[in-house]
Structures are given as C-alpha cells and as structure tokens.
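Numbering (full-length UniProt numbering), first residue to last: 1 to 322.
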C-alpha cells in the first residue's frame, strides 16, 4: 500500500497506527516514515479505537486536517485510478463538508465484506462517479450478497475514506460517546509530558469494537457521499486471499520454503524454517503456515475463523504465540 502512495504523496505525511511490536517492522520496511509519526496503541482495541486515536492525534497536531484512512493489508492494481480517487475524495470533503468513502464494484457475492448502498449520481469527474450514500450493510448472508453483487446500487465497503478530523470526531461524539470521552482526554494530553501516562491509562478503556459497527453503519446521506472507483482491489488480510493474490492461476499451489508435494491442488504452504522440509500428499484447498513456535493448518474456505483461534489463544493466556 505504501508503494502506491509514494508517487504522489510524501511519506512524511503518513501516520501508521499500530502496536509497539510492529514498530520495528515499519522502521525497517519504510524508513522514510519518521519514527515520531508512528502512533502506538498501548494494546489492541479494534478499529474504532485505532481510527479514533488517529483522528484525535492528527486534529491536535494539524488543527482539523483532511485525513485519508487506509488499511495496510490490501492490494490495489489500478494505481492511477487509486490516486485519482484519493484526490477527488480530498477535494469533495473540502467542497461538501462530508465524509467521503471510496467503494468498488463487487466482483463476486462476498459474505466477508460490507456493502454500501448508493443513490443517485451527484456528478462524474473524469470517469469517477460521486454518489449519494444511502446506508451500509454489514457482512450479509449469501442470498443478499448475491443480490447486492448483481445490482448497480451496491459497492463493496473496503474502508477507504477521506474525512476532516473534526467531522470524524463529531461522529464519535454522536455515536460512540464512551470512546469519544477517552479520546478527548488523550488528545488534551498529546504532546505534553503526560502523553504516555494518559494514553496508557485511558486507551484500554475505550470500548472494543469495530469502526464499522461504532460509526460507519450509523452514517446517513447527510454525513457521507461515496466515490465508485475501479481499483483492481483485493483484501489480502486472510491467508486464502494472500494465496490467491500470489498464485499465477486460481487453482495453483503456492509454496514458500522447502516444500515437496504429490498431487496437491489449490494449497498454500508457508514455512519460515530454512532447515526444515515440508512434504505433502493428496491435499486440496489447504492452508499450512509453519513458523518457529506455531503451526496453523486450516481449510482454505475457513481462514476467516483464524480470528476465533486468536481469541481462544488469548483466553487461555497463550499470547506468547501471537
């Protein structure tokens, strides 16, 4: 994702929000991002807390800037369309004073993504259409997903948005008041010698929920408009999506490490161990991830359930494996 921003934007204006254990990776992979730009969460509190923290901090630092919110685990093939959509969204935020989300046309009936219902087209700017926003539908069943994917009225909700920091914080105050109160305490202390103490104290008390549930699902046409863009987008936040992104053809196998196989189809075997051989026979649609201290084996169509395994690990006080 960072590489797609380099061509048009200075990386000194990028502010990653992450936990402390990821900071070293960011510094190593993207040294152009100043260390002081990294906004460190004391603990994971889901996306409502993370997005709210970014809004509060950037509002304090820059006095209500327009903010582009992106997720790190996506791929975008149509880079120029991506850049054009970002610029149009930024311009539209300034013109309309609303939040602007960038959506993409569904390519299949996904039940793992939310959908944006749009109304009439407001205008078309160089091939990018701006639509009225109607509502957001979170992760529908397959029947509804099929209906949505066949209708021009629905776009995939991929979480890309531009908003002014204060407008977003206003939405937190309106829809997520408990989180907003904590964020305001954190914001007041930011940049002072009490910043870290207050952050450590208040952030863990922000209710743990997603920004989709806390904010996005409650927005109306008065709050937001939607830009439809052909981004060549894919979410690679799950192992099956990463496998499909890496595969030359959909049913091909993808191997990382020392792997030999007999009659495998549509499998992803990823080993981080240089002196360990993985041999597999007669498997189809299997994900196997072998690291120094853990082994994950799952069906390719069940990778969404990895989140459940993570919760089980946490509940059993085995977080050293995460």
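All C-beta atoms in this analysis are idealised placements derived from N, C-alpha and C, irrespective of residue type, glycine included.
Remember, it's a predicted structure, so these values are computed and weren't measured experimentally.
If you draw a straight line from the C-alpha of residue 251 to the C-alpha of residue 98, how long is it?
Within the chain shown, residue 251 is the residue found at index 251, counting from 1. Within the chain shown, residue 98 is the residue found at index 98, counting from 1. The straight-line gap from Cα to Cα measures roughly 43 Å.
Under 8 Å: do the region 166–177 and the region 48–65 share three or more Cβ pairs, one atom per stretch?
With the cut-off at 8 Å, the region 166–177 and the region 48–65 touch.
Got a sec? Which residues, its chain only, sit under 6 Å from residue 16 by beta carbon, not counting five neighbours each side?
Counted from its first residue, the chain shown places residue 16 at position 16. Closer than 6 Å at the Cβ level, and outside the excluded window around residue 16, lie 26, 38.
Using a threshold of 8 Å, state whether the C-beta atoms of residue 304 and residue 238 are closer than that.
Along the chain shown, read from residue 1 onward, the residue named residue 304 stands at position 304. Along the chain shown, read from residue 1 onward, the residue named residue 238 stands at position 238. Yes, Cβ-Cβ distance for residue 304 and residue 238 is below 8 Å.
Ignoring anything shorter than 3 residues or poking outside the region 200–240, list the beta strand (DSSP E) runs there in chain order.
As far as the region 200–240 is concerned, its whole beta strand (DSSP E) runs of at least 3 residues are 224–228, 233–235.
Alpha carbon to alpha carbon, what distance is there between residue 127 and residue 382?
Absent from the structure is residue 382, since the part of the chain shown begins at 1 and ends at 322.
Between residue 306 and residue 254, what straight-line distance do the alpha-carbon atoms span, to the nearest angstrom?
Residue mapping note: residue 306 aligns to position 306 of the chain shown, counting from 1. Residue mapping note: residue 254 aligns to position 254 of the chain shown, counting from 1. Computed Cα separation, rounded: 19 Å.
Kindly provide the ranges of any beta strand (DSSP E) runs that are 3 or more residues long and lie completely inside the UniProt domain "MannoseP isomerase/GMP-like beta-helix" (257–311), ordered along the chain.
List check, beta strand (DSSP E) in window: 258–262, 268–271, 277–281, 286–290, 295–299.
Near residue 240, which residues of its chain fall below 6 Å by C-beta distance, leaving aside the five closest residues on each side in sequence?
The count along the chain shown starts at 1 and reaches residue 240 at position 240. Contacts found: 300, 303.
Taking one C-beta from the region 158–165 and one from the region 69–85 each time, how about it: are there three or more such pairs within less than 8 Å?
Short answer: they touch.
Give me the Cα-Cα distance between residue 207 and residue 216, rounded to the nearest whole angstrom.
The residue you call residue 207 lines up with position 207 of the chain shown. The residue you call residue 216 lines up with position 216 of the chain shown. Those two C-alpha atoms are separated by around 16 Å.
List the DSSP bridge partners of residue 157.
Residue numbering aside, residue 157 sits at position 157 when the chain shown is read from its first letter. Answer is 103, 114.
In this structure, how does DSSP classify residue 168 when only helix, strand and coil are distinguished?
Along the chain shown, read from residue 1 onward, the residue named residue 168 stands at position 168. Correct three-state label for residue 168: helix.
Considering only residues of the same chain and omitting the five flanking positions on each side of residue 50, which have a CB-CB separation below 7 Å?
For this step, residue 50 is matched to residue 50 along the chain shown. Once the five neighbours on either side are set aside, the close Cβ partners of residue 50 are 17, 41.
What do you reckon, are the CB atoms on residue 211 and residue 48 nearer than 8 Å?
Translated into positions along the chain shown, residue 211 becomes position 211. Translated into positions along the chain shown, residue 48 becomes position 48. Contact: yes.
Report the rounded CA-to-CA distance for residue 323 versus residue 87, giving the unit in angstroms.
For residue 323 there is no data in the structure shown, the boundaries of the chain being 1 and 322.
Looking at residue 151: is its Cβ nearer than 8 Å to the Cβ of residue 109?
Taking the first residue of the chain shown as position 1, residue 151 is located at position 151. Taking the first residue of the chain shown as position 1, residue 109 is located at position 109. In this structure, residue 109 does not lie closer than 8 Å to residue 151 by Cβ.
Could you tell me the distance, in whole angstroms, from the CA atom of residue 198 to the CA atom of residue 177?
Taking the chain shown and counting its residues from 1, the one referred to as residue 198 is at position 198. Taking the chain shown and counting its residues from 1, the one referred to as residue 177 is at position 177. Spanning the two alpha carbons is a distance of roughly 18 Å.
If you run the structure through DSSP and keep just helix, strand and coil, what is residue 38?
Start at 1 with the first residue of the chain shown, and residue 38 comes out as number 38. Here residue 38 sits in coil by DSSP.
Do residue 92 and residue 225 have their beta-carbon atoms positioned less than 8 Å apart in this structure?
Reading the chain shown from its first residue, position 225 is the one you call residue 225. Reading the chain shown from its first residue, position 92 is the one you call residue 92. Yes.
With a 10 Å radius around its C-beta and 16 neighbouring C-beta atoms as the bar for buried, classify residue 118 as buried or exposed.
Counted from its first residue, the chain shown places residue 118 at position 118. Result: buried.
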